[in-house]
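Data first, discussion second: the structure below is written as structure tokens.
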Amino acid sequence: NFNVFTLKGDPNDSKYKDVSLCSYIQKEGKFSDFDDMLTKLYGTLKREVDNVQCPQLHPEQKNVGMMQQNSSISNETGTSGASSSNSGAFTKETEKKKGGNIKVEYSVNSIDNGKSVGNSKKQVSVNLSMSRSENQHDPISTILSDPSKPLFKIDQEITYIPSLFNVLFRLLNNDFFVSLKGKDDQLAVNMLKLREEVLKGQKDQESINKLENILLMFIEKKYPLCYNIKICGVYDFLDYFSKYIVEFNLDKDNKYFGMELEDETVVSHVDKTSNNRIPPLFNYENLKINKNHMSFKSESEWVFTKKPKLIFFYYPFKKPFNENRKQHLRIEHEDKTDKSITVYNLKGIVFKDKNDKYNSFFIKNDELYDQETGVEQSITDAKIFDPDLLIYELSE
Numbered sequence: 001n002f003n004v005f006t007l008k009g010d011p012n013d014s015k016y017k018d019v020s021l022c023s024y025i026q027k028e029g030k031f032s033d034f035d036d037m038l039t040k041l042y043g044t045l046k047r048e049v050d051n052v053q054c055p056q057l058h059p060e061q062k063n064v065g066m067m068q069q070n071s072s073i074s075n076e077t078g079t080s081g082a083s084s085s086n087s088g089a090f091t092k093e094t095e096k097k098k099g100g101n102i103k104v105e106y107s108v109n110s111i112d113n114g115k116s117v118g119n120s121k122k123q124v125s126v127n128l129s130m131s132r133s134e135n136q137h138d139p140i141s142t143i144l145s146d147p148s149k150p151l152f153k154i155d156q157e158i159t160y161i162p163s164l165f166n167v168l169f170r171l172l173n174n175d176f177f178v179s180l181k182g183k184d185d186q187l188a189v190n191m192l193k194l195r196e197e198v199l200k201g202q203k204d205q206e207s208i209n210k211l212e213n214i215l216l217m218f219i220e221k222k223y224p225l226c227y228n229i230k231i232c233g234v235y236d237f238l239d240y241f242s243k244y245i246v247e248f249n250l251d252k253d254n255k256y257f258g259m260e261l262e263d264e265t266v267v268s269h270v271d272k273t274s275n276n277r278i279p280p281l282f283n284y285e286n287l288k289i290n291k292n293h294m295s296f297k298s299e300s301e302w303v304f305t306k307k308p309k310l311i312f313f314y315y316p317f318k319k320p321f322n323e324n325r326k327q328h329l330r331i332e333h334e335d336k337t338d339k340s341i342t343v344y345n346l347k348g349i350v351f352k353d354k355n356d357k358y359n360s361f362f363i364k365n366d367e368l369y370d371q372e373t374g375v376e377q378s379i380t381d382a383k384i385f386d387p388d389l390l391i392y393e394l395s396e
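For the sequence shown, UniProt numbering begins at 1 and goes up steadily by one.
As structure tokens, then:
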């Protein structure tokens, strides 16, 4: 039996958990090598371990967790789980190498009806670097980085929220959601619940729809519109959504939604928050086509003292947008003080189809991914009947 542990410690401790790989290996079938096995089984195993609320680790126990922070693997075997009569038995030998690598030689005893039918050895290198293991085996990173798999299903009457969130939830990194934890705030709580739901292997669409509606009702109650008119589009929703985040400091260090300009009067159609700050949501009239890219109008007057990670432009003009789509892929801005160039890349387009239904494209490597179907399209060929919102991300 090959076992993975959340902690090294006393097996009698209630916080201790043993996860046997036997049944998972048999269920999944063959693997090309040990790395292949770890990659394919990681999501299943991580859900098992995430269900355990571990106590604070002692210094000597750090980095022992199951592949969450690195590829450290316990060599404990045979503690529990299926017997060797119905599973493969793994042993390993390790040799320290320079650069934080360990050369691990795994011996796999194949079992057929309780009889050993052979022994094969496979050498793999396990890098103890946190960044490498996270990139390779982090299922959350994998889900968010694959735009061909929409996060939110567009299946209800209100289509602008899932269309917006299919882009936004890929751009708001883990640090944003970590800063929301522990806050006694309904919007923060709902955002955390939504992220948890969309990152599940099997999504509970009913729960997601309910959370979206609760979020909408909360914003409408917080910012009642004149004559009881309800929020009915992506601009209205994002306007109040971003205002709330800025006003109530939900964006730690104002990284994503916080911005400052030396002269705020340069912005046309500015819409400030109650505490006199400007969210990064601008009318399309603030942009102009400049050769092969976009620039701010009156560019020399746009002096950022704080640049937001995200910038949104609402109500793009349909004709110039469709005739100059490639230019819209990038905003370039030259700072008049030091002549440095700031670049914002187009990452999302929220639009309406001929039936007034919202959808969106997420953009990766200048290719558009339909967030309803997952189909990849080119910027020139994609059908965008009525563009409603352009979402840009700061290039760092």
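Glycine included, each C-beta is placed from N, C-alpha and C at the ideal position.
Inset, instruction - Kindly examine the ligand NAP and report whether one of its heavy atoms sits closer than 7 Å to the Cβ of Lys326. - result: With respect to the ligand NAP, the structure offers nothing, as it holds no ligand at all.
Inset, instruction - Pull up the distance between the alpha-carbon of Asp184 and that of Lys354, whole angstroms please. - result: Residue mapping note: residue 184 aligns to position 184 of the sequence shown, counting from 1. Residue mapping note: residue 354 aligns to position 354 of the sequence shown, counting from 1. Approximately 41 Å, taken between the alpha carbons.
Inset, instruction - Could you say which of Phe362, Tyr223 and Thr159 lies nearest to Phe169 if we only look at CA atoms? - result: Stepping through the sequence shown from its first residue, residue 169 is reached at position 169. Looking at the Cα atoms, Phe362 is the closest of the given residues.
Legend entry - Simplified DSSP assignment, three categories, for Asp381: If you number the sequence shown from 1, residue 381 lands on position 381. Correct three-state label for Asp381: coil.
Legend entry - Proximity to Lys307 [Cα-Cα], best of Glu262, Leu368, Tyr160 and Leu192: Counted from its first residue, the sequence shown places residue 307 at position 307. When only C-alpha atoms are compared, the closest one is Glu262.
Legend entry - Limits of the unbroken alpha helix (DSSP H) element including Asp236: Sequence index remark: in the sequence shown, residue 236 carries index 236 (1-based). For Asp236, the enclosing alpha helix (DSSP H) covers residues Val234 to Glu247.
Legend entry - Exposure label - Asp370; buried when at least 16 CB within 10 Å: The residue given as residue 370 occupies position 370 in the sequence shown. It counts as buried.
Inset, instruction - Just grab the DSSP bridge partners of Asp370 for me. - result: Residue numbering aside, residue 370 sits at position 370 when the sequence shown is read from its first letter. DSSP links Asp370 through a beta bridge to Phe361.
Legend entry - Span separating the alpha-carbon of Phe241 from that of Ile219: Locating residue 241 in the sequence shown gives position 241, where the first residue counts as 1. Locating residue 219 in the sequence shown gives position 219, where the first residue counts as 1. Rounded to whole angstroms, Phe241 and Ile219 show a C-alpha spacing of 7 Å.
Inset, instruction - Determine the DSSP secondary structure at Lys306, reduced to helix, strand or coil. - result: Taking the sequence shown and counting its residues from 1, one reaches residue 306 at position 306. Reduced to three states, the DSSP call for Lys306 is strand.
Legend entry - Contact set for Glu367: own chain, Cβ-Cβ below 8 Å, skip 5 residues either direction: Counting from one through the sequence shown, the residue named residue 367 turns up at place 367. Closer than 8 Å at the Cβ level, and outside the excluded window around Glu367, lie Glu376, Gln377, Ser378 and Ile379.
Legend entry - Segment limits, beta strand (DSSP E) that includes Met259: Counted from its first residue, the sequence shown places residue 259 at position 259. That residue, Met259, is in no beta strand (DSSP E); it is neither H nor E in DSSP.
Legend entry - C-beta atoms of Lys318 and Val167 nearer than 8 Å: On the sequence shown, residue 318 is found 318 positions in, with the first residue counted as 1. On the sequence shown, residue 167 is found 167 positions in, with the first residue counted as 1. Cβ atoms of Lys318 and Val167: not closer than 8 Å.
Legend entry - Test item: CB-CB of Val246 and Pro279 under 8 Å: Reading the sequence shown from its first residue, position 246 is the one you call residue 246. Reading the sequence shown from its first residue, position 279 is the one you call residue 279. Val246 places its beta carbon less than 8 Å from that of Pro279.
Legend entry - Whole-number beta carbon distance between Lys297 and Lys288, since they are thought to touch under 8 Å: The residue labelled residue 288 in the question sits at position 288 within the sequence shown. The residue labelled residue 297 in the question sits at position 297 within the sequence shown. The pair is a contact, with the Cβ atoms about 5 Å apart (cut-off 8 Å).
Legend entry - Cβ separation of Thr159 and Lys357, assumed to be a contact under 8 Å, to the nearest whole Å: In the sequence shown, residue 159 corresponds to position 159, counting from 1. In the sequence shown, residue 357 corresponds to position 357, counting from 1. By a beta-carbon distance limit of 8 Å, Thr159 contacts Lys357. Their separation comes to about 5 Å.
Legend entry - Buried versus exposed, by CB contacts within 10 Å (16 or more), Met217: Position 217 of the sequence shown holds residue 217. Met217 is exposed by the Cβ-count criterion.
Legend entry - Rounded C-alpha distance that separates Asp155 from Lys230: Within the sequence shown, the letter at position 155 stands for residue 155. Within the sequence shown, the letter at position 230 stands for residue 230. Cα to Cα, Asp155 sits roughly 20 Å from Lys230.
Legend entry - Asp50 - DSSP class collapsed to helix/strand/coil: For the purposes of this step, residue 50 is identified with residue 50 of the sequence shown, where counting begins at 1. Here Asp50 scores only 45 on pLDDT, less than 50, and its place in the model should not be relied on; the value that follows carries that caveat. Asp50 falls in the helix class under three-state DSSP.
Inset, instruction - Would you check if there are 3 or more beta carbon pairs closer than 8 Å linking the segment 139 to 153 to the segment 182 to 199? - result: Taking one beta carbon from each stretch, the segment 139 to 153 and the segment 182 to 199 have 3 or more pairs nearer than 8 Å; the two touch.
Legend entry - Helix, strand or coil at Tyr160 according to DSSP, with G and I counted as helix: Residue numbering aside, residue 160 sits at position 160 when the sequence shown is read from its first letter. Helix.
Inset, instruction - Report the option in Lys352, Val343, Leu180 and Glu299 whose CA atom is closest to the CA atom of Leu389. - result: Locating residue 389 in the sequence shown gives position 389, where the first residue counts as 1. Nearest of Lys352, Val343, Leu180 and Glu299 to Leu389, Cα basis: Lys352.
Legend entry - Every unbroken alpha helix (DSSP H) inside the segment 188 to 223 [4 residues or more]: Listed in chain order, they are 205 to 222.
Legend entry - When Tyr314, Leu199, Leu250 and Lys326 are compared against His293, the one with the closest alpha-carbon: Sequence index remark: in the sequence shown, residue 293 carries index 293 (1-based). Comparing Cα-Cα distances from His293 to each of Tyr314, Leu199, Leu250 and Lys326, the minimum goes to Lys326.
Legend entry - Coil, strand or helix - Val375 by DSSP: Against the sequence shown, residue 375 aligns to sequence position 375. Judged by DSSP in its simplified three-state form, Val375 adopts coil rather than helix or strand.
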